[in-house]
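Mind the numbering: the sequence shown is residues 445 to 645 in our numbering, read in order. Where is the CB? At the ideal position from N, CA and C, for every residue including glycine. For reference, the structure is listed below as structure tokens.
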Amino acid sequence: MKKDSYSGTLPDVRFTVLPGKAVMFSTLFQSGIEIEAVSGVLLGDFICSCPGFSQTYVAQKVQTIFLNSNPVDDLKTPIEGTRAVVALSAAMPGLAGAIFRKGGIHSSLRTVPEKAARENGKGGGVTVTLKLFNQIARDKSTGLLEAGVTVSGRSFVSFMKRRPDVLNAICRTTLDSKPVAPEQLLTAIEPYQKIRLTVSE
445 MKKDSYSGTL PDVRFTVLPG KAVMFSTLFQ SGIEIEAVSG VLLGDFICSC
495 PGFSQTYVAQ KVQTIFLNSN PVDDLKTPIE GTRAVVALSA AMPGLAGAIF
545 RKGGIHSSLR TVPEKAAREN GKGGGVTVTL KLFNQIARDK STGLLEAGVT
595 VSGRSFVSFM KRRPDVLNAI CRTTLDSKPV APEQLLTAIE PYQKIRLTVS
645 E
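Given below as structure tokens:
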């Protein structure tokens, strides 16, 4: 196990699922996965460093980008501080989609908050919570899960309890390389703040 800030260890959870079923985990990405980066890394460089993402994909498919709840157009914006949240979405419907779409003609309608004071720590480590929505999550969740992601233990347990259909798609479950029933897994990891999750088909 890797170290976990809450309990001292980070459980390694691995699922093998039926072909084509890994995408069922895509809504888990609305809660976010954690990725370690260097404080000051440019937003575009960070996104393109994630498994499955490329400059072409970001330019063509990612229509809305939020950094710490603020809409961002400039991919050269640095991610600073020790913690940050990046959210990516494809086109959203209606006026909200037009307002928040990067480079959109209605972007001037945004409410832009005063720039917060930047945290110290540039060049140090930053923990980025990456959230994916709609088509972006469906496109990219499978590749990220296959590479392995760090997620909130609470979010994962909540997701699994809401999605009993996911259990039917699981062929094999291991916890720290040991086979375990999915129902027993949820009880075992519930006390943990974070887990390492890998899903393969």
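Next on the checklist: Here's the rule: buried if 16 or more other CB atoms are within 10 angstroms of the residue's CB, otherwise exposed. What is Glu634?
Outcome noted: With fewer than 16 other Cβ atoms within 10 Å, it is exposed.
Checklist entry - Whose CA, out of Gln504, Lys575, Ile491, lies closest to the CA of Gln474? => result For Gln474, the closest alpha carbon among the candidates Gln504, Lys575, Ile491 is that of Lys575.
Checklist entry - Is the Cβ-Cβ distance between Ala632 and Val461 less than 7 Å? => result Contact: no.
Checklist entry - With C-beta atoms as the reference, is Leu619 less than 7 Å away from Leu629? => result Note that the C-beta distance between Leu619 and Leu629 is below 7 Å.
Checklist entry - Using DSSP with H/G/I as helix, E/B as strand and the rest coil, what is Thr617? => result Taken through DSSP and simplified to helix, strand or coil, Thr617 comes out as strand.
Checklist entry - Under three-state DSSP, which class holds Gly538? => result With a pLDDT of only 45 at Gly538, under the threshold of 50, the placement of this residue in the model should not be trusted, and no figure is reported.
Checklist entry - In terms of alpha-carbon separation, which member of Cys494, Leu511, Gly597 lies closest to Pro522? => result Looking at Cys494, Leu511, Gly597, the one whose alpha-carbon comes closest to that of Pro522 is Leu511.
Checklist entry - Can you tell me whether DSSP reads Asn512 as helix, strand or coil? => result In the structure shown, Asn512 sits in coil (DSSP, three-state: anything other than H, G, I, E or B).
Checklist entry - If we ignore side chains and look at the alpha-carbon of each, how far apart do Val457 and Gln637 end up? => result Using only the alpha carbons, I get a separation of about 14 Å.
Item to check | Sequence-distant residues of the same chain with beta carbon closer than 7 Å to Val593, five excluded per side | outcome: Non-local C-beta neighbours of Val593 in its own chain, meaning closer than 7 Å and more than five positions away in sequence, comprise Ile477, Leu641, ordered along the chain.
Item to check | Limits of the beta strand (DSSP E) - the one that Lys638 falls within | outcome: For Lys638, the enclosing beta strand (DSSP E) has its first and last residue at 638-644.
Item to check | Ordered list of alpha helix (DSSP H) runs contained in the segment 574-639, each at least 4 residues | outcome: Fully enclosed alpha helix (DSSP H) runs of 4 or longer: 578-591, 597-606, 608-613, 626-633.
Checklist entry - CB-CB under 8 Å to Asp518, same chain, minus the five flanking residues each way: which ones, in chain order? => result Closer than 8 Å at the Cβ level, and outside the excluded window around Asp518, lie Leu487.
Next on the checklist: Among the candidates Lys622, Ser621, Gly569, whose CA atom is the shortest distance from the CA of Val482?
Outcome noted: Taking the Cα of Val482 as reference, the smallest distance to any Cα among Lys622, Ser621, Gly569 is reached at Gly569.
Checklist entry - Which of the three DSSP states, helix, strand or coil, is assigned to Asp456? => result Asp456: strand per DSSP, three-state reduction.
Checklist entry - Taking the Cβ atom as the reference point for each residue, do Thr402 and Pro626 lie within a distance shorter than 7 Å? => result As shown, the chain starts at 445 and ends at 645. That puts residue 402 outside it, with no answer to give.
Next on the checklist: For a minimum of 4 consecutive residues, which ranges assigned as the alpha helix (DSSP H) are wholly contained in the segment 478-514?
Outcome noted: Runs found: 487-493, 499-505.
Item to check | For Thr555, the three-state DSSP class (helix, strand or coil) | outcome: Confidence in Thr555 is poor, its pLDDT being 45 and thus under 50, which makes the residue's placement unreliable; the coordinate value appears in the next sentence. Note: Thr555 maps to coil in three-state DSSP.
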